[in-house]
Ligand SMILES: Nc1ncnc2c1ncn2[C@@H]1O[C@H](COP(=O)(O)OP(=O)(O)OP(=O)(O)O)[C@@H](O)[C@H]1O
Ligand SMILES: Nc1ncnc2c1ncn2[C@@H]1O[C@H](COP(=O)(O)OP(=O)(O)OP(=O)(O)O)[C@@H](O)[C@H]1O
Ligand SMILES: [Mg+2]
Ligand SMILES: [Mg+2]
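Chains as they are written, first to last, in the working numbering: chain A, 492 to 788; chain B, 606 to 939; chain C, 80 to 407; chain D, 340 to 847; chain E, 101 to 415.
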């Protein structure tokens, strides 16, 4: 048997990382990819918040004189055909992507949670109806639904958020419902009943907090996919309208025509989207490992 | 097998640790014991004291990471299992040494037929055709007294009751006629009447096949009814070892004694008034933050200053080992 | 004895087994199939039986955590079987439950203090400082330190968690505590502590317990009277001494014989019954135990024995006991 | 070299036209694939880029003449022409076609967008199988120009308008084979074509590729012999030139004017000052430089010279407010007007700029919004789905709209009556000025081209000064084909008239 | 089992009915109809002509009547006529189905044949560099906008090979036919394979912790036998579910892919039909897609029963 360095092994297992930031640091080391994801997400959020300070030009100002400039010191990512600074637009685009991502995830999530909780908690015919409705929503292709929704509502930021949020509802509500059903069987819920607690209070105080972990995991995963959905909608001409610098919009239609003459118009927004979604996915993945107790080694 | 060993298993100074993020768990700390042919050795102790890890260490199935066998030797009929490479060890597992687990439901593969699971065990170690192996499987099921074994062999685990599943596990474990069988709490998940059936079955088969048996349990009643020799574990250590008669007649370790006293007994007759039990105060210590010296000292009425030093396992006569400085006073004080 | 605190008469709980297009009911789980018993003030009634025989269902029905199919539950003389949820609320203070699994019984996201104080808050009995003080008192009562109120359940050991559960049950000052296998999940050496605590509390406050366990020894220790269940029915009920000295039902006898005695010199294990417990969906006709009973007669297959008094307040449901007495 | 017979011309198509009936459509998405199926009475000469009165040539008509005070236009028809289904072509078919266009026949088009073209026609009369006359209410010399447009094919009498939408029958050089919506359109050579030796091609296959970048990539990769005409944008043109240096590309104006439709029936644009200010704020050069890298034209209603026949002289154009070269001065003036109307640096005017959700509409709208910022107007883009665009405009549910107006023929009659006369369905802004309308009639009847031009210039200038429908620019677009494709001519003052494909051949 | 089938079928019908209602009314809520669009294309509006046309197409009738017309026709297999092409809707839809089906099938095949093995490897090698690399690749697959990926593939292909892998309606050879579908299928399949890989991985990790895996090891089974024979058999269940659900998502992915690669399949056709408000096409096509999706879920459930003997669907 080879000699074993206990300290090394323990360090690897994270025994030194107790409490507070040491634990966070350890988790970051253990989940390098997740940490990278968190860094990307943080940068993304900071960019969105401080877009006005980071961007070097107004993202909307048109200047024919500097149209289609190659990436240079003046314009790090070049300019588009309107002479707008691509870098500034990407920086401001973070804001829109974040708004779409967080907005639709939060909206779809909130409704999904309410539906899922009610459905799982009340069961009976309410559940049956909700289940069928979510069957219906799930059998309709998400993009088709979003397409019709944006067509109905007209393309604007809030409408795009709503259109993307609606197809999210069944996904979220299914997860929450399954969780609620599982939780309902647990003795602590029965204990709450036995002390005479009302059903609503049980649902809010005991069931909901315990569905938080799967919700967060689902949320981060969805965050990424909503950003992608917005991009796809934009590609099909139904995303956030001009002149707002949505990344999807920057990539779509007209920009695609520049794929070889001015590739920076296509490359940078594409990278921005991929990176943001990638970051959200990395982080979500790690979060799932950390939050899901069954995943712990 | 070239030669018949009387001493089937000899474990010396086995140490298994877990490296976890809350620290180093010395789950098995310097444990030694032996099992003879046809003998039943019981290991008792409370939850988390290292019984299962001991068993898994013998099979070399301790999950790594986080676990690691860090010392000692396990010799099965003279071969040191810890020195074998993984392929050699695979040839031993399920063949010369087998194990039955606590949860019969989760320990069987839910998507495989019972018969196929036994067939697999046989074919991994015997060069037999599927047909021959299937015959053996049915035969084994018959041996563990499953009615209509040929039909049951084609069923899936969920179609069997808990008792029958455990019988199937036993059939699988014994299919290759191992020299050593490890049973890790084989009846804890079962009802008392079924438990009695299963234990009787295991003892019968053991007698029939001459297998050495390591029976792990936390139920002193089961120990009394099944074992020839007993090891008592506490916090990863062996604190006492004796023949079953000696242990029950005269427990030498305060923990063993406390345990025996705290177990309510079915009144033989006329005992009954509702009365407080003798309790052992405090809780089982965490394996990471073990007290210095004797791990039981903080809960022990007999604890003295000296207990900060770990008491060696001493022979208190007739092979009755106990790790306590005041073993000879235990009977009087308690 | 005095007036019964809890009186259960002919309690039945059938769960539907549904199948088919419209989820029509195709069968019934006879989880509890006509159970009657009473618990007096200050008394402990033990309830034993094998897994799945309906013990927990009895416990839950008594507390109206499941709605009984039929029968009557009287608490302190008042019929609570059909009370509405709100009418039931005041009665909830009189009866509480402690479950088997102390891990699952505590909301992992609440502090121990909040968990124990919650019943008081829900019933508006205390708030703020007072709530804290009363919670602290409850902690002391069950042998926990008040400074542990801020800790979360996972920071406690199994025994301590069960104490938290007990403290929560005590909060409303109940008169009846239903204990559904409160010690089965605990370590042997801890089990004694919890049983002692329950006994001490009973002595202090005069609680009544309905104490459920599958371990005969534990039941024997804590109970005044013991009822034995098999497949949804009580097959025997008697004073503890009487029952253990003189078990009359073959099932009770088998149960007693199957318990391994912690004495190597005592008789070796000899299983008295073969086979498995039948399914409660299709309980055998007649006496449910006849499939495993060594004394089964032709009549047992068709005739269902009633629970009859065999003298000394010893009731048994076995045809062998009709006039004579013991089965063996 | 000598034209060669044979080969199938593969072309991509920018989108799927709704149907195959030219008379029921108003987009050159229809003309490009279906013009080859038909013949007109007369047609602009297909191998000359500029459409002019003097290069109109006979087609189904062998000759024509203006008679009785220029109030009757008589055609002698070609003999022996057969429809693709074998039936003979006669004067009855001509009468049927134009009666239907005027809404006089039993059978009706589902929609008839160019009905107004024949407002001055009283009736059609035939004289035997081979003569047909258009009897006018008053002289209208430009009728001939309208008849020469690709929009004016002759339909057979014996085929219902419904069938013409799905399976058109014509007399043209190519026969219709199939039209799979969103997928492809296939034409095959009319072996029985009256013009001997034509067409050269065995057939034409259009593959519908709505995604422009995919389409261009496919052209560059050699999948197609020809790109969809006048659809190659200036940036893509550069791309094509670098990737496929052998391809032949031309850039021509296409007589499509990008303009602003102003809702003058509601505040704030009911105020002429604000309308003027808006007109003054435009930096047309910037539009052209952004959209076409400089390759576009500034003009009034009529397409600018030299491709356009009716454009105002430069000095005249620059005298119109907002057309002057000094953008800053214009804007200074605009700001004054705005201040007069009560707006200023502290009080901006919020305006919605509605437009269709198509890049050629959206992009100039974005630039417009940016330019309006300079005169205290905060514009917000309101993109409208095609389905809702006209109903919205018709409801007057907009403030400013960015619109494209394509002119089928480079003739003032078509453009003035359609877009500026009171009550015309395409007069989206409801601009109505009786005096100007009188001038429309005057110029329309004028047979002397020189005099007519003067009249037209004055009208055009007045229309711009009234800010009826400010024209921002006239576009230019590219057309590309592989070098072995010969005989293609891209029209320079219309994008609706040049797709007979009789003269196209492939040197392969 | 039979009762279960009947019950499932009944629920499927309920779902399909729900979908028919949703899509029907959703389409009518969306402003604008075919007539508006036709007139928009012609650039003018004439209220009388409009009314005529609306009458001709029957869209002036009360919604309930329209719904009944449609749904009763649908049940009889009469899908009506496309508003745009004026051809029978079925004739428009049917030829496009095999194209999309081939594409989707290939993408799913791609997804399963790459995702599952890599997922197993990643789980078995958990925590190693290989695992990290595979996870990064799979996550990047989930992060790339598929139209962007498609565009880059097209561009690169033209730049490097002078060839463009867009749809070829008349492939000459078997290889050409395969190439027509393979590249776009790969572009969609990448995302789907990434998803499958992730699910396989986490499902495998879950299963590898189970007691019966330990039992298998205790029998002396080799790692390969344990991983592929014991674990994968159990881990495959959630993977099947995800692949089943993917079927619905795939349609969404196909919309952009069919656009970029100019494939005349149903997905793009659907979008085009929505744009034209071609109700007969949209409604019937959505119903057909829904039937496929719902059936896919049904098949997945049935596969469950095949793979997991515990599931017997008695209720
Ligand atoms: N996979 C693991 N990771 C970390 N620690 C472990 C692991 N398995 C066991 N341990 C630790 O080893 C110690 C001994 O565990 P073991 O399972 O042997 O106890 P046991 O005596 O079998 O208890 P029980 O009666 O509950 O089965 C425990 O305290 C536990 O914390
Ligand atoms: N919600 C339910 N729906 C259907 N059947 C149920 C339900 N709850 C319990 N049962 C069935 O009722 C029977 C009695 O269950 P119960 O939990 O009361 O048994 P128990 O005696 O407490 O068993 P254990 O000792 O395992 O806790 C069992 O067969 C069980 O499967
Ligand atoms: Mg164990
Ligand atoms: Mg129970």
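All C-beta atoms, glycine included, are put in the ideal place defined by N, C-alpha and C.
Keep in mind that this is a model prediction, so the values were computed, not measured.
- Between residue 785 of chain B and residue 663 of chain B, the gap from beta carbon to beta carbon is short of 9 Å.
- The nearest non-hydrogen atom of ligand 2 is 8 Å or more from the C-beta of residue 860 of chain B.
- Contact between residue 217 of chain C and residue 249 of chain C holds: CB atoms are separated by about 6 Å, below the 8 Å threshold.
- Residue 371 of chain D carries a helical assignment under DSSP once its states are collapsed to helix, strand and coil.
- Distance from the C-beta of residue 892 of chain B to the nearest heavy atom of ligand 1 is below 8 Å.
- Residues are counted here when their Cβ sits less than 9 Å from a Cβ of chain C; for the segment 695-713 of chain A these are 696, 697, 700, 701 and 703, given in chain order.
- Assignment of residue 117 of chain C by DSSP, reduced to helix, strand and coil, places it in the strand class.
- In this structure, the alpha-carbon of residue 574 of chain D lies about 15 Å from that of residue 568 of chain D.
- Inclusion of residue 359 of chain C and residue 108 of chain C in the CB contact set at 9 Å is warranted, their separation being smaller than that value.
- With contacts defined by Cβ atoms closer than 9 Å, residue 123 of chain C and residue 143 of chain C do not form a contacting pair.
- Any Cβ of chain A closer than 9 Å to the Cβ of residue 201 of chain C would place that residue at the interface, and such an atom is present.
- Each residue's CA atom was taken as its position, placing residue 767 of chain B and residue 773 of chain B some 10 Å apart.
- Per DSSP, residue 672 of chain B is not a residue of any alpha helix (DSSP H); the beta strand (DSSP E) it occupies stretches across 672-681.
- Contact of residue 239 of chain C with chain A by beta-carbon distance below 8 Å is absent, the smallest such distance being about 16 Å.
- Among the residues of chain D, none has a CB under 9 Å from the CB of residue 723 of chain A; the nearest is roughly 13 Å distant.
- Taken in chain order, the members of the segment 243-255 of chain E whose beta-carbon sits within less than 7 Å of a beta-carbon on chain A are 243, 244, 245, 247, 248, 251 and 255.
- Separation of residue 504 of chain A and residue 626 of chain B (C-alpha to C-alpha, rounded to the nearest whole angstrom) is 5 Å.
- Taking 8 Å as the cut-off, one finds at least one heavy atom of ligand 2 near enough to the beta carbon of residue 94 of chain C.
- The three-state reading of DSSP puts residue 771 of chain D in coil, since its state is none of H, G, I, E or B.
- Residue 342 of chain D is positioned such that its CB atom lies no closer than 9 Å to that of residue 661 of chain D.
- Going by DSSP, residue 843 of chain B is part of the beta strand (DSSP E) stretching over 842-848.
- Listed along the chain, the chain A residues whose CB falls inside 9 Å of the CB of residue 574 of chain D are 559, 572, 745, 748, 749, 752 and 753.
- At a cut-off of 9 Å between C-beta atoms, residue 504 of chain D counts as an interface residue with respect to chain E.
- Counting other Cβ atoms within 10 Å of its Cβ, residue 790 of chain D stays below 16 and is therefore classed as exposed.
- Out of D/413, D/380 and D/396, the CA that lies nearest to the CA of residue 387 of chain D is found in D/396.
- Boundaries around residue 799 of chain D are those of the alpha helix (DSSP H), 788-804, since no beta strand (DSSP E) includes it.
- With a threshold of 16 other beta carbon atoms within 10 Å, residue 740 of chain D meets it and is buried.
- Burial check for residue 260 of chain C: the Cβ neighbour count within 10 Å reaches 16 or more, so the residue is buried.
- Setting aside the 5 residues that flank it on each side, residue 121 of chain C is surrounded in the same chain by 281, 285, 286 and 287, each with a C-beta closer than 8 Å to its C-beta; the list follows chain order.
- The DSSP assignment places 367-373 as complete runs of the alpha helix (DSSP H) inside the segment 359-435 of chain D, in order along the chain (cut-off: 4 residues).
- Taking a beta-carbon distance threshold of 9 Å, residue 254 of chain C does not count as an interface residue toward chain A.
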